[in-house]
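Residue numbers (the numbering used here), protein chains in the order written: chain R, 1 to 424; chain B, 425 to 835; chain F, 836 to 1147. Ideal placement from N, C-alpha and C gives every residue a C-beta, glycine not left out.
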Amino acid sequence: MNCDASPPPLLHPRRLVSWGVLLAVLIVLPLLFSKGFALSLLCQIGIMVIFALSYNMLLGQTGLLSFGHAVYFGIGAFATMHTLNLLGKGGLPLPVTLLPLVGGLAGLLAGVLFGYVSTKRAGTAFAMISLGIGELVASASLMFPALFGGEGGISGNRVVGGAVLGISYGPQIEMYYLIVGWAFISMLAMYALTQTPLGCMANAVRDNPERVQFVGYDPQWVRFMMLVLSGGFAGIAGALSALNYEIVTAETLGAQTSGAVLMMAFVGGVGWFHGPIIGAVLITLLQIALSGLTKAWLFYFGLFFLCIVLYLPGGIASLLSMHQRLWKARLLGWVLPSYVRLALPLTLVACGLIGLVEMAYQRAEAAEIPLRLLGASIDVTLATPWLGALAALCGGLVLLRASWPAVTGAWRRALLRLESREET
Amino acid sequence: MSFRISNMQLLAALALLFTGSALAQVKIAYIDPLSGPFANVGDAGLKQFKEIVEQVNQTGGAAGQKLEMVPFDNKGSPQESLINFKSVTDQGIRYITQGNGSGVAHALVDAVSKWNARNPDKTVLFLNYAAVDPTLTNEKCSFWHFRFDANSDMKMEAITNFMENDKKVKKVFILGQDYAHGHAVAKAAKAMLAAKRPDVKIVGEDLHPIGRVKDFSPYVAKIKAADADTIITGNWGNDLSLLVKAAKDAGLKAKFYTYYAGGLGTPTAMGAAGEGQVLQLTEWHMNVQPNKTEAFALAFNKKYPDLDFYYLRVNTMVTMLAKAMNDAKSTDPTRVARQLEDMHYQADTGDVWMRKSDHQLIQPLYISIFAKQDGKAVKHDIEHTGYGFKTLASISARDTQLPTSCVMERL
Amino acid sequence: MEFVLVSLLNGITYGMLLFMLSSGLTLIFSMMGVLNFAHASFYMLGAYFAYQVSVILGFWPALLVAPLLVGLCGVLIERYGLRNAHKYGHVAELLFTFGLSFLIEEIVRLVWGKAAVDYRIPEALNGTLFTLFSSNFPIYKGFMMLVSVGMLLALYALLTRTRTGLIVQAALSRPDMVEALGHNVPRIFMLVFGGGVALAALAGVIGGNAFITEPGMAAAVGTIVFVVVVVGGLGSLAGAFVASLLIGIVQTFAVGLNVSITDIAALFGVELQASGAMARLTLTQLAPILPYLFMVAILVFRPRGLMGARES
């Protein structure tokens, strides 16, 4: 993603192969997960991938931390829904397949409007303006029920007009392929953008705006362009969400959506192009699957995010790329054995923590009902399970501290070896 | 039961592992917020459902089977609810219930209608226990949707009927949250007052963004300046508690007519500020006479010390559902729906009727006022505050009826 | 006249509460360059701690103990959390506090339940201080004003009359110089963070019972505090003070005035169609989002904020 690191260009054979493999996997996936729930999960993930990537055009590439990216997503969604309803009335000769373009355009226009105001500043001030604009749009959306549908939102029917080539978008699977198609195109476009002069200048603006000015570019212009384009892609994601759910409500524009996309990009890793993709997949899975399993999911979620910020600020992509580097040098074997020593401490920490949290939630909700955890029944009014969980957590932490040097040591040796090899 | 012996066995077994009740057969998916800002409301509802389902199961269940609640956390979002609905249909669950937010209810009604049209052998029934947007039983009514709460127009009808006889009401101020519900309340209040009490003056009408006002004293100053003696508000949650508190601080002596003052933390938050000022319209409260639900409610409050039994309609809904299944001798949603529509039922507060034309439950309602617990008219307090509700008027089921514009597509 | 005076009093009271919240945020920002996203969460913790302490010891001890406890929490969080994030730059710090606000809200729900707690105004402060025409001014509002003015004076004295204050002040304009002069900057950071969140907690102690103590209270004021800080000018205490009062008063008056967008447009000679959704909007309706409009306008026309010295 850094221009000076010069990644292989888009049409490099190796790139083409990996894009091809990705496309093939996306096409085959629904054959493996054909259940309605799994399929809608995949659709949601696809939408979020575009959204998170568009967000990273700001945070990762231009260094703009935005707390209001849902505005563009939501405006794209509402514009699409209105257009869809116009189609339903026979007002417009536009195929549903191309509707995401409408959303993209709406996001783009919103980007022009709000970007003009917000990109005057960078850094913390930009973050605050984006927050303010987000609040403003979210509040306004509830005030104009004619435009935003009020509490009930706006719903529509994506099966309009006749089926084109047998595709009516009635069945979810056809919607999935629509999302995959647009996600793939958007991914390619956003990747291509990182290779353009604008993409490179965005990196430069992120790293050193003064020097950009010396070179003769206007950092504000670069920020503005990036925000407008990012708004456009967010609009496409919003459009797909509108088509997928056939309903858009005011929450789509709200702070929660903005917060979620920020987490996706950051957890995945803002320094890599594929980081937000990993983040979108992981966070969507967590949000939907974890919330079905435990009441404490928000707690785990917050904790997980804090741990990433504190211990893995490069996101999961950074972890992967570290290992990839060793794997390419055939040095992965040097560090993997040390991980085995972490297995026991980590299991203990996890068991202790989950035990404590689940017991605390059960106690707060209904203390006299025993907690069911992994088939076991635990009476949370007794002291022993609490002490047990606490002991497991503390013991695990102590062991983790003790075995950590082994891991760092192994890494140091592997890296030294790698460097000495690179020198020769 | 086709779905019991379908290829869902593995999933069902997995679900049993997590929930642990091996006898459960008829599952009801509960789709409401269980985490996030509205978790307290969703959580309280779920516990009430579980309580009444347990009682139904102990007294014979429904059509020879047991009922079971399966919670799904929709986090208050319509989109998330649709994903939940996908997993509901995957698991072969045929009944869903939801209440918090008409936005979610609209999304679910749409989804259920589409699903049932495409899967006539796996129909799903939507039982709505609290979403009050009138359109759900008017323009957007559906055969697959049954509402067990009075809609917001019916509630306003009852409130204005009460005002018709209360000559102390002379100047009315309407204050509401700036979204669909607040708009609907304001509109209904104006139209109905104009028809029933043309002498009453509407001295002011304001809308404020939902959940964003911290200090209501400017609004109270305005109400005072307008010299209003009555305030009609659809506000709920903090927007209601903060309003009442600010009124108390400024010494405003007007009465508040509300929909949602009686439960889920609002009495705690209002505290003494609400005494003698706040009226609510509900289908039940702890001091209605005769109170057939008293023992059940007390047992519930004892079991969950942080909660107060609130939704009588949840009990009505579950027992009516069980009766419909017993009468149909089946748990198939289509047949149960046919039993349920037009059902007359003896609920704890009297006769209730599921109107066939729009699937809206017609039930008695009560207007009550927040007052100090005195052991007589206010026998029980609420949320351990020392205050409870005292009945001012009971409105018979018949008087809450409004015409419907529903044109239902029947099966 | 009555309306103007009452609105002014209401506006000032609300503005002073905003200042209590934003002063800590400004202090932390000027010292550490990090906007503490979790600031309002400490306001909430202050209210909950005060509720817990007042159940056991009564309100008056809570007034002192709760902010101290929250300050201690702040010190620990800075030492063992924020300081680690500091290595990775301001974005990581901001995100750390963002995640922290999530976690604090969830912990509050877990410990004190999902609904409001019964945190009451003490009996001694319950009642009417004076009656202005026909409106009552409650004692508790007077008390809130007293506490916030007291805090303002104490803060002023601390910053201008003590050595620590001078160092903090120096850091407002020249953070690098302070470090170069050999001050233990990490320790100052820790203390400033603790002190800043303790101020927020104090606002929570007196705001929690005046309003409502519930898990959503942090989110309800969270963004408005940022608005105050940005409008006032990032890093300027005086600016935060002016902005707090301004926003408090403007918002209060906007609610009271019966002016619609159509009327305003008419002032500029523009005739709006009466049927449009836009035309029906009144100033009252817009009042709570006026601060955001205000913020955007300020940033367009005067990016430094009202009294800000530094760009960001």
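Using a Cβ-Cβ distance cut-off of 8 angstroms, the region 932-946 of chain F and the region 1040-1053 of chain F are in contact, since at least three pairs of beta carbons, one from each stretch, lie closer than that value. Within the DSSP bridge table, the entry for B:P495 names B:Y454 as partners. Nearest C-alpha to R:S291 among B:D467, B:N498 and B:I452: B:N498. By the CB criterion at 7 angstroms, F:A897 and F:V888 fall inside the cutoff.
With its beta carbon at least 7 angstroms from every one in chain B, R:M175 lies outside the interface.
Contact annotation, R:L243 with R:M175: C-beta distance approximately 7 angstroms; criterion of less than 8 angstroms satisfied.
If you draw a 10 Å sphere on the C-beta of R:I378, you find 16 or more other C-beta atoms in it, and that means buried. For R:P345, the CB contacts under 7 angstroms within the same chain, skipping 5 residues up- and downstream, are G396, L399, L400 and S403 in chain order. By the beta-carbon neighbour count (other beta carbons within 10 angstroms, threshold 16), F:I891 is exposed. Counting only runs of 3+ residues, the beta strand (DSSP E) found wholly inside the region 524-565 of chain B occupies 549-552, in chain order. F:A1075 sits away from F:V1065, with the two beta carbons spaced by 7 angstroms or more.
Contact between B:D577 and B:A612 holds, since their C-beta atoms are separated by about 5 angstroms, short of 8 angstroms. In the DSSP assignment, B:I793 falls outside any alpha helix (DSSP H) and lies within the beta strand (DSSP E) extending over L789 to K796. Nearest CB-CB separation between B:Y643 and chain F: below the 7 angstroms threshold. Within chain B, the C-beta atoms nearer than 9 angstroms to that of F:T1119 come from D630, L631, H632, P642, Y643 and K646, in chain order. Taking C-beta separations shorter than 7 angstroms and ignoring five residues to either side along the sequence, the partners of R:E246 in its chain run S155, G156, N157 and R158, following chain order. The beta carbon of F:Y1127 lies closer than 7 angstroms to those of V1062 in the same chain, with the five residues before and after it left out. The Cβ of R:Y300 sits no closer than 7 angstroms to any Cβ of chain B.
In summary, the residues of the region 946-964 of chain F whose CB is separated from some CB of chain R by less than 8 angstroms are V946 and G948, in the order they occur in the chain. A distance below 8 angstroms between beta-carbons, with the five flanking residues on each side excluded, links R:G352 to the following residues of its chain, in chain order: A389, L390, A391, A392, L393, C394, G395 and G396. The three-state secondary structure of F:S970, taken from DSSP, is strand. Using a Cβ-Cβ cut-off of 8 angstroms, F:S842 is close to P642 and A645 of chain B, given in chain order. For B:E629, the beta-bridge partners assigned by DSSP are B:I598. For the 7 angstroms CB-CB criterion, B:T561 and B:D782 form a contact.
According to the DSSP assignment, B:A468 belongs to the alpha helix (DSSP H) that extends over A463 to Q482.
Partner residues in the beta bridge of B:H768, as assigned by DSSP, are B:W777. With the criterion set as a beta carbon lying under 8 angstroms from some beta carbon of chain F, the members of the region 124-143 of chain R are T124, A125, A127, M128, I129, L131, G132, I133, E135, L136, S139, A140 and M143, in sequence order. The beta carbon of F:S970 lies closer than 7 angstroms to those of E837 and V841 in the same chain, with the five residues before and after it left out. In this structure, F:N1044 sits away from B:S641, with a CB-CB distance that is not shorter than 7 angstroms. Here DSSP, grouped into helix, strand and coil, assigns F:V841 to helix. Contacts with chain F at 7 angstroms (Cβ-Cβ) include R:L306. Counting the other Cβ atoms within 10 Å of the Cβ of R:H69 gives 16 or more, which makes it buried. For R:T294, not one C-beta of chain B is nearer than 7 angstroms to its own C-beta. Taking a beta-carbon distance threshold of 7 angstroms, R:L65 counts as an interface residue toward chain F.
At a cut-off of 7 angstroms between beta-carbon atoms, R:E423 makes no contact with chain B. If one requires a minimum length of 4 residues, the alpha helix (DSSP H) runs lying completely within the region 13-86 of chain R are 13-32 and 36-56, in chain order.
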